[in-house]
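Asker: 571 is the number that my numbering gives to position 188 of the sequence shown; each next residue is one higher, with no gaps.
Before I ask anything, here is the structure I am working with.
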Amino acid sequence: MADEIGTILGNAMQEWDFAGEKDDISSYKNAEGLFLLALKKAGKPLPRVHSFLAMLYYDLAISYSKRQDRNAAKFSSEAVSSATKHADIALQNEHLEFRAQLIKTYISGDNVLFLNGGVSNLIPQSRDIVGAIFEGVGRAIGTGAAAAQVSMSKSAFRKELENLLAIYTEIDSNYVMEATEFFFFANKLLGIADFCTENKLFGAKEIYTIIGNVNIDELNFDDVDPEMKDEALSEISRFKTLAEARLMTF
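In structure tokens form, the structure reads like this:
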């Protein structure tokens, strides 16, 4: 059974990769079905798989939001709801699922920028959910209510980001962190730091501090191809130096 589930998950990842390259809804749906099939066969929650589903649904929401048909906003909103659902399941079963909390942070950030009249820039290459998902909400609330809701959304974003940073800190403090995981964490966190700086939100200084404080000698490079280790070290050092440099601007 484990081998069968592993094969299904491998196929899901391949479909997801193709979907991301081609922005192909059909492939996203293939990946969705395969992840769900793996969970059904497992007969229990698999936190990392639920995290992957949260990420997949977020990507799917972005893809839907780019389309011009009349159902795009509806499908995007449904995908966001599914992303939140699976992120919550992942975190309920493993509180250190960084990826699941990352998606919750992205979604709360999208809400902040929509209410401010803009579009989220949390993900590099503008892979984000546009305001069309919430089309009409801004027009339905008065100025006073809008200001209050912006404040509430900023508070929600801060809470989700604090939770994300707490996960990173616990992993860093209590476990040997894989170099590839740090690379993923740092890349996403630095993107969020730029978002925070551009929109005058909490988080940039805190992110630069924890990335700048990483002890590279304590990272585990066993999951890095030996021929690529020097390149990996160089890129991680670049992240660390960039974070230290950005701290100088505060």
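We put the beta carbon where it would ideally sit given N, CA and C, even for glycine.
Fair warning: this is a prediction, and the values are worked out from it, not measured in the lab.
Find the nearest neighbour of residue 464 within the set 488, 437, 479 and 477, judged by alpha-carbon distance.
Answerer: Nearest option by C-alpha distance: 437.
Asker: So if DSSP puts residue 561 in a beta bridge, which residue, or which two residues, is it bridged to?
Answerer: For residue 561, which the question treats as bridged, DSSP gives the partners 603.
Asker: Can you tell me where the alpha helix (DSSP H) with residue 463 in it begins and where it stops?
Answerer: 455 to 476 is the span of the alpha helix (DSSP H), which, as asked, contains residue 463.
Asker: Counting beta carbon pairs with one atom in the stretch 422 to 432 and one in the stretch 443 to 454, are three or more of them shorter than 8 Å?
Answerer: No, the stretch 443 to 454 is not in contact with the stretch 422 to 432.
Asker: Could you check the C-alpha separation between residue 604 and residue 591 for me, to the nearest Å?
Answerer: Approximately 22 Å, taken between the alpha carbons.
Asker: Going by CA-CA distance only, name the one from 586, 441, 494 and 457 that's closest to residue 399.
Answerer: It is 441 whose Cα lies nearest to the Cα of residue 399.
Asker: Grab me the residues of residue 407's own chain with a C-beta within less than 7 Å of its C-beta, minus the 5 sequence neighbours each way, in chain order.
Answerer: Within the same chain, residue 407 has close Cβ partners 401.
Asker: Identify, in the order they occur along the chain, each residue of the same chain with its Cβ nearer than 7 Å to the Cβ of residue 594, setting aside the five sequence neighbours on each side.
Answerer: Hits under 7 Å: 569, 572, 573, 622, 623 and 626.
Asker: When you compare only the Cα positions, how much space is there between residue 616 and residue 546?
Answerer: Whole-angstrom Cα-Cα distance: 28 Å.
Asker: Measuring only the C-alpha atoms, how far is residue 608 from residue 444?
Answerer: So the alpha carbons of these two residues sit roughly 34 Å apart.
Asker: When DSSP labels each residue in this structure, what does residue 394 get in the three-state scheme?
Answerer: Note: residue 394 maps to helix in three-state DSSP.
Asker: Could you spell out where the alpha helix (DSSP H) holding residue 413 opens and where it closes?
Answerer: Per DSSP, residue 413 belongs to the alpha helix (DSSP H) from 408 to 425.
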